[in-house]
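Right, one structure below, let's go through it.
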Amino acid sequence: MRRAVVMLTAFLASLFIAFGFGATSAWAEGEALQGTLINNGQPVAGVQITVSSQDGAQVGQVQSGPDGKWTVPVPAAGTYRVELDVTTLPEGLTLTNNRPVLTLPVFEGSARTALFPIGSEAGAGAPVDPGPNRLGQILDLVYTGLHLGLMIALAALGLSLIFGTMGLTNFAHGELVTFGALMAFIFNVFVGLPVIVAGVIAVALGAGFGWFQDRFFWGWLRKRRTGLIGMMIISIGLALTMRYISLYWFRGETRQYSDYVAQPGIDIGPIAIAPKNLIMDLIAIVVLVAVSVALVKTRLGKATRAVSTNPALAAASGINVDAIIRLVWTIGGGLAALAGVMLGVFQGINYQMGFQILLLVFAAVTLGGLGTAFGALLGSLVIGLATQLSTLWIPTELKNVGALAVLIIVILVRPQGILGRRERIG
Amino acid sequence: MNWDVIFSVSLESLIGLSTIVYALAAIGLNVHFGYTGLLNFGQSAFLGVAAYGMAITVTTFGQPFWLGILVGLGGVVVLALLLGIPTLRLRADYLAIVTIAAAEIVRLLFRSVTLSEWTGGSDGLQQFSQSFYDMNPYSSPIETTLISFSTRELWVLTVGWVLVAIALLIVWLLMRSPWGRVIKAIREDEDAVRSLGKNVFSYKIQALILGGVLGSLGGFVFALGLAAIQPDTYGTEFTFYMYTIVILGGAARVFGPVVGSMIFWFLLTFINALLPSLISVGAIPSSIMTTNQAGAVGYILVGIGLMLLLIFRPQGIFGDKKEVMLDAR
Amino acid sequence: MPADQQTDAPAKARAVAALADVPREPGAKKPDPILVVDKVVRRFGGLTAVNVGHVEIQRGAITALIGPNGAGKTTFFNLLTGFDKPDEGNWAFNGQPLQGVAAHKVARRGMVRTFQLTKSLNRLSVIDNMRLGATGQRGENFWRALIPGLWKKQEQDVTERADELLARFKLDAKREDFAGSLSGGQRKLLEMARALMVNPEMVMLDEPMAGVNPALTQSLLGHVKGLRELGMTVLFVEHDMDMVRDISDWVIVMGQGEVIAEGTPDEVMADQRVIDAYLGAHHDGAADPDADPAADTAGPAAPAAPAAGEPAGPTAGATAPKPAKEDGQ
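Protein chains in written order, with UniProt numbering: chain A, 1 to 426; chain B, 1 to 329; chain C, 1 to 329.
Shown next, in the form of structure tokens:
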């Protein structure tokens, strides 16, 4: 009992310390209203925003910068009216919630973020950019779908391997994604390293964190013979804890890395893609292929698949099941952190980002067949594509609904998932 | 430090709105998880569908209150069938993933701009509770030194606790009947139950509907008590709180959810009242924690509490170690 | 165990006489078959696990189904009892076609099975395990369950019958204990007794002796023989050749999914095809099908996942590698 408390304290303390890097200095800059205007991962510049006090007096007026950011300092804590001038939005874009005026309280000593969700003109099938034809639009969605799918795949592979080897449906896997993104943010913004270096460090830390979790927490629970459902709910508790520790230190706002925020796209055929996205795709593909090849070709990979298939038999054939599970956690942590960094570059960093993508990751893993690593990869691409392509028929704000609905339909038709096998009874 | 205020809000929370709502939701979840072994991670959707069913009927379509209640209950039954029919033949983890996905779908639909004409989008709906408060028989509020409730609150609490009592009575009656025996046997091993000639699928659907309907009572009370509904209330964390409560009180115990809910809300209210006032008197320096951050601390503690409970007392505070519900699988 | 003493039990004599003239070949016609199987095929991907051309099971006899590991015996059981679906084929029980009939309906028609890995309902008491077996219980209907008066009388009758069976199986002392606290052998007894609560015509036992200590083996054997004296038909899968020789009237041998031989126990065990099937191509001629139990213990011992009793998650073994002993203490 005492040992566990000590471990848990150590584990949490490490999180606190990790997030402690100058956490206090960066955001206590006095009262202000601020925000970042983003459409589909790309900043929206030149939009006019006016802040006025409750009695109608104008406090400030700004235009969003090239990174989509805007800030209006306010004289004191109180309630302010923020208005976004819809006519200054680029053509084809609109506020998806149709609420250009927000009334927000600003608290003492802190900047308040005003959220203006921007999306393509309301209604189904509205073109994302003015101009491109239907084909271009579809290709664009296919690309973003694959891009999203690759990021999901990075997280899903780890989740699937963990499920396969220890049977845990890990609800805290999304927090590993957030962890990666936040670590990269700390090394990028506070320490001042370039995003790429910070990303590499974050992946290493993510792998270390995965190892750490299994070494001091899950491994210990396995030894106590905690049931799988029990562990699943424990992972929910862990996810809540980590998510709100992130909120505690990182606050509720969405922030950006210092580089690669706004990058103009290069034209490839009928669509424009930012080079940063292409490079990230390349990294993701290389990593996924490397892990997959390792699973098939190396001794450790074979041992991992053996443990997934039948842990008791694997143990009897001399495989150290615990060591394999620890390895899987390490790899899973690293992959999830990489997914987090990429997601952070793609759409900004937020304490909820891991949880938000977790459901899509679950969907991907289930779709591919629970516990089958290659199924998870396939499922991820399907989910990524389903998410993006569903916007051809349903509003963008409901695209996750489309992806989750695909999951439910596939389970109806093929319960064991795309690559899964049915179980034997008796 | 306003100790009397801190204690009085904590005491009020023992029997307050949140306690009732979560107790009802957890009673339903206990039928799913504790008794039948169904991993329903979408209980929030049942409450949401009930509340929205009622509010849309009354506010959007101007129909009578009681029809709204019926629509809400009907929606819950339909949701249970939609969730159950595809997944209840599959392994337990599939239900978990599908229900959590479905809950998220429901929430996203509630808050979508496209449907805001009916649902009010992210603002939700108001002005559906007038008929309910018109029935209020209380004419004077309770005001003592420690606790005080307005007449409206009194009416909500009365109705809420009566519903809790009814729900408990139903669960108690069922779980000592042959029906409850089949349900508990399904939790232990559904193939064995099938081999004895019971239609396991049908029982699971019945349990899913029963738990959904009992939980949905919480949805109604919540909506009426606040006289407003908001889509983001019905997120996954709502369900995670309910799990914490079920486990705290002891899974598969009739009174577990009520006891769990009272303890949970007493502690959480206490912490949420204590921290800001500690900050305001300077006992906690604002460099460590601001009032904004204090809100996150409650959640962090819930998460840690849930983990510690499952690790060291999976049977709940009052449970018997032999009856631990969670060691299976 | 009255059957134990009566070495010349009437039912055994009748069964032996009826089977005397049946030709000793796979798919032989029986004088009074209760179960007739035709061309049942089950494939897993490229592997054909079961491919049974024609098989008949004699009414009122004890038939053993033997074969090396992986011969498809359990899969065949699953197919017959509705727990798995064949790719093709049909079979009839008492002249009624059973293909496509759900597992619980198969049980209701009088064909009840047990499982290789015992499926005791751990957190139900022994007596509740037994009561669950009774069919046609009024209190198992949701609405009637709410009114105890409607089922109390029937519950008493069921309990009476359950107590009689418990006494016969010498489990009456454990009546109020959790089934999970029984030893492995006692669980096997309980599972068999529970199956009898269904009032079956035919009992299908999947490895009734696996994991049972020798002291209990005789008692179990006696009970199986007793079933025949009560007019029931028994089909069982077993690796223990002494037991097969001791109690079965007829033996069906499966190898690689097909029925490869039929006959009386002594004839079958001397059959060259059977020895080949068990020992593979390069055996040294020793007719010792008992060699199998070595492989056999590796089979059922490993997955003895204690509480779950089913090969639930892929890690049932990893999280709980120790066999059921702990629950037995």
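Glycine included, every Cβ here is placed at the ideal spot set by N, Cα and C. If you're wondering where the values come from, they're calculated on a predicted model, not measured in any experiment.
query: For Gln99 of chain C, which residues from the same chain have a beta carbon less than 6 Å from its beta carbon, with the 5 sequence-adjacent residues on both sides left out?
result: By 1-based counting over the third sequence, the position of residue 99 of chain C is 99. If we look at Gln99 of chain C and ignore the five residues flanking it on each side, its Cβ neighbours are Asn90.
field: Arg414 of chain A: first and last residue of the uninterrupted alpha helix (DSSP H) it sits in
entry: As a first step, residue 414 of chain A must be located in the first sequence, where it is residue number 414. DSSP places Arg414 of chain A in no alpha helix (DSSP H); its state is neither H nor E.
query: With C-beta atoms as the reference, is Gly384 of chain A less than 9 Å away from Ala153 of chain A?
result: On the first sequence, position 384 is the one that residue 384 of chain A refers to. On the first sequence, position 153 is the one that residue 153 of chain A refers to. Going by C-beta atoms, Gly384 of chain A is nearer than 9 Å to Ala153 of chain A.
query: Closest Cβ-Cβ distance between residue 330 of chain B and chain C: below 9 Å?
result: No information on residue 330 of chain B is available, as it lies outside the stretch 1 to 329 that chain B covers here.
task: For chain B, find out if any of its Cβ atoms is closer than 9 Å to the Cβ of Ala302 of chain C; answer yes or no.
output: Against the third sequence, residue 302 of chain C aligns to sequence position 302. Legend: pLDDT at Ala302 of chain C = 37, less than 50; position of this residue unreliable, no value from coordinates given.
message: Could you check whether Arg222 of chain A and Met166 of chain A sit closer than 9 Å to each other, using their CB atoms as the reference points?
response: As a working mapping, residue 166 of chain A is identified with position 166 in the first sequence. As a working mapping, residue 222 of chain A is identified with position 222 in the first sequence. In contact: Met166 of chain A and Arg222 of chain A (Cβ atoms closer than 9 Å).
Cutoff 7 Å; reference Arg305 of chain A; Cβ partners in own chain excluding five residues on either side: To locate residue 305 of chain A, count along the first sequence from 1; it is residue 305. Closer than 7 Å at Cβ, skipping near neighbours: Leu295.
- prompt: According to the Cβ coordinates, are Val71 of chain B and Ile56 of chain B closer than 9 Å?
  reply: Translated into positions along the second sequence, residue 71 of chain B becomes position 71. Translated into positions along the second sequence, residue 56 of chain B becomes position 56. Contact: yes.
query: What residues from the segment 257–284 of chain B come within 8 Å of chain A, judged by C-beta to C-beta, listed N to C?
result: Answer set for the segment 257–284 of chain B: empty.
Buried versus exposed, by CB contacts within 10 Å (16 or more), Ala298 of chain C: Within the third sequence, residue 298 of chain C is the residue found at index 298, counting from 1. Because Ala298 of chain C sits at a pLDDT of 38, beneath the cut-off of 50, its placement in the model cannot be relied upon, and the following sentence gives the value as read from the coordinates. Exposed, since its Cβ has fewer than 16 Cβ neighbours within 10 Å.
field: Proximal residues, the segment 189–223 of chain B versus chain A, C-beta separation under 8 Å
entry: Listed in sequence order: Asp191.
First and last residue of the uninterrupted beta strand (DSSP E) at His54 of chain C: The sequence position of residue 54 of chain C within the third sequence is 54, counting from 1. Its beta strand (DSSP E) spans residues 47–58.
field: Sheet register partners of Leu35 of chain C (DSSP bridge)
entry: Translated into the one-based positions of the third sequence, residue 35 of chain C becomes position 35. Its beta-bridge partners are C:Ile57, C:Phe93.
query: So what does Ile319 of chain A bridge to, in DSSP terms?
result: Reading the first sequence from its first residue, position 319 is the one you call residue 319 of chain A. Bridge partners of Ile319 of chain A: none, in fact.
Endpoints, beta strand (DSSP E) assigned at Met269 of chain C: Looking up residue 269 of chain C in the third sequence gives position 269. Boundaries around Met269 of chain C are those of the alpha helix (DSSP H), 265–270, since no beta strand (DSSP E) includes it.
task: May I ask which residues mark the beginning and end of the beta strand (DSSP E) holding Gln61 of chain A?
output: Here the question's residue 61 of chain A lines up with position 61 in the first sequence. Residues 58–63.
- prompt: Buried or exposed: where does Phe240 of chain B fall if 16 or more other Cβ atoms within 10 Å of its Cβ makes it buried?
  reply: On the second sequence, residue 240 of chain B is found 240 positions in, with the first residue counted as 1. By the neighbour-count rule (16 or more Cβ atoms within 10 Å), Phe240 of chain B is buried.
message: Let's see if you can read the secondary structure: which residues bound the alpha helix (DSSP H) around Trp118 of chain B?
response: Residue 118 of chain B sits at position 118 when you count from the first residue of the second sequence. Unbroken alpha helix (DSSP H) run through Trp118 of chain B: 116–119.
- request: Report the residue from A:Leu148, A:Gly158, A:Ala204 whose alpha carbon sits nearest the alpha carbon of Ile325 of chain A.
  value: Your numbering for residue 325 of chain A matches position 325 in the first sequence. By alpha-carbon distance to Ile325 of chain A, the top candidate from A:Leu148, A:Gly158, A:Ala204 is A:Gly158.
task: State the start and end residues of the unbroken beta strand (DSSP E) segment that holds Asp267 of chain A.
output: For the purposes of this step, residue 267 of chain A is taken as residue 267 along the first sequence, with counting starting at 1. Per DSSP, Asp267 of chain A belongs to the beta strand (DSSP E) from 266–268.
- prompt: Along chain C, which residues have their Cβ under 8 Å away from the Cβ of Arg89 of chain B?
  reply: The residue labelled residue 89 of chain B in the question sits at position 89 within the second sequence. By Cβ distance, chain C contributes nothing, its closest Cβ being about 11 Å from Arg89 of chain B, past 8 Å.
- prompt: If contact means a Cβ-Cβ distance below 7 Å, which residues of the segment 244–259 of chain A contact chain B?
  reply: Result list: Tyr244, Ile245, Leu247, Tyr248.
message: For Val237 of chain C, report the span of its alpha helix (DSSP H) as first-last.
response: Counting from one through the third sequence, the residue named residue 237 of chain C turns up at place 237. For Val237 of chain C, no alpha helix (DSSP H) run applies; the uninterrupted beta strand (DSSP E) run containing it begins and ends at 233–237, by DSSP.
field: Spatial neighbours of Asp232 of chain B in its chain, beta-carbon cut-off 8 Å, leaving aside the 5 residues before and after
entry: For this step, residue 232 of chain B is matched to residue 232 along the second sequence. So the list reads Arg107, Arg111, Ser122, once near-sequence residues are dropped.
message: Below 7 Å on C-beta distance, what does Leu79 of chain C contact in chain B?
response: The sequence position of residue 79 of chain C within the third sequence is 79, counting from 1. Here the premise fails: no neighbours, minimum Cβ distance about 14 Å.
field: Alpha-carbon spacing of Val281 of chain B relative to Asn272 of chain B, whole angstroms
entry: By one-based count along the second sequence, residue 281 of chain B stands at place 281. By one-based count along the second sequence, residue 272 of chain B stands at place 272. Taking the Cα positions, Val281 of chain B is about 15 Å away from Asn272 of chain B.
task: Compare the C-alpha of Lys69 of chain A against each of A:Asn39, A:Thr94, A:Arg251 and name the closest.
output: On the first sequence, position 69 is the one that residue 69 of chain A refers to. With distances taken between Cα atoms, Lys69 of chain A lies closest to A:Asn39.
message: Contact criterion: CB-CB distance below 9 Å. Does Met242 of chain B meet it with respect to chain A?
response: Here residue 242 of chain B refers to the residue found at position 242 when the second sequence is read from its first residue. No - not a single Cβ of chain A is within 9 Å of the one on Met242 of chain B.
message: According to DSSP, Gly255 of chain C sits in a beta bridge with which residue or residues?
response: Within the third sequence, numbered from 1, the residue matching residue 255 of chain C stands at position 255. Under the DSSP definition of a beta bridge, Gly255 of chain C partners with C:Glu258.
- prompt: Would you report the Cα separation of Thr135 of chain C and Gln96 of chain C, rounded to the nearest angstrom?
  reply: The residue you call residue 135 of chain C lines up with position 135 of the third sequence. The residue you call residue 96 of chain C lines up with position 96 of the third sequence. Near 20 Å, if we compare the C-alpha coordinates of Gln96 of chain C and Thr135 of chain C.
- prompt: Would a C-beta distance cut-off of 9 Å place Val291 of chain A and Leu335 of chain A closer than the cut-off?
  reply: Counted from its first residue, the first sequence places residue 291 of chain A at position 291. Counted from its first residue, the first sequence places residue 335 of chain A at position 335. Contact annotation: Val291 of chain A and Leu335 of chain A have beta-carbon atoms nearer than 9 Å.
message: Tell me which residues share the same chain as Asp246 of chain C and place their Cβ nearer than 8 Å to its Cβ, disregarding the 5 neighbours each side in the sequence.
response: By one-based count along the third sequence, residue 246 of chain C stands at place 246. If the five residues before and after Asp246 of chain C are omitted, its C-beta is found closer than 8 Å to the C-beta atoms of Leu221, all from its own chain and listed in chain order.
- request: Anything in the segment 115–127 of chain C with a Cβ closer than 8 Å to a Cβ of chain B? List those residues in chain order, please.
  value: The residues in question are Phe115, Lys119, Ser120, Leu121, Asn122, Arg123, Leu124.
task: Classify Tyr299 of chain B as helix, strand or coil using the three-state DSSP reduction.
output: On the second sequence, position 299 is the one that residue 299 of chain B refers to. Of the three classes helix, strand and coil, the one that applies to Tyr299 of chain B here is helix, per DSSP.
- prompt: From this set, C:Ile260, C:Arg228, C:Gly257, which residue's C-alpha is nearest Arg248 of chain C's C-alpha?
  reply: Taking the third sequence and counting its residues from 1, one reaches residue 248 of chain C at position 248. Note that residue 248 of chain C is Ser in the sequence shown, not Arg. Of the candidates C:Ile260, C:Arg228, C:Gly257, the one whose C-alpha sits nearest the C-alpha of Ser248 of chain C is C:Arg228.
- request: Using a Cβ cut-off of 9 Å (strictly closer), state whether Phe355 of chain A contacts chain B.
  value: For the purposes of this step, residue 355 of chain A is taken as residue 355 along the first sequence, with counting starting at 1. With respect to chain B, the C-beta atom of Phe355 of chain A has a partner C-beta closer than 9 Å.
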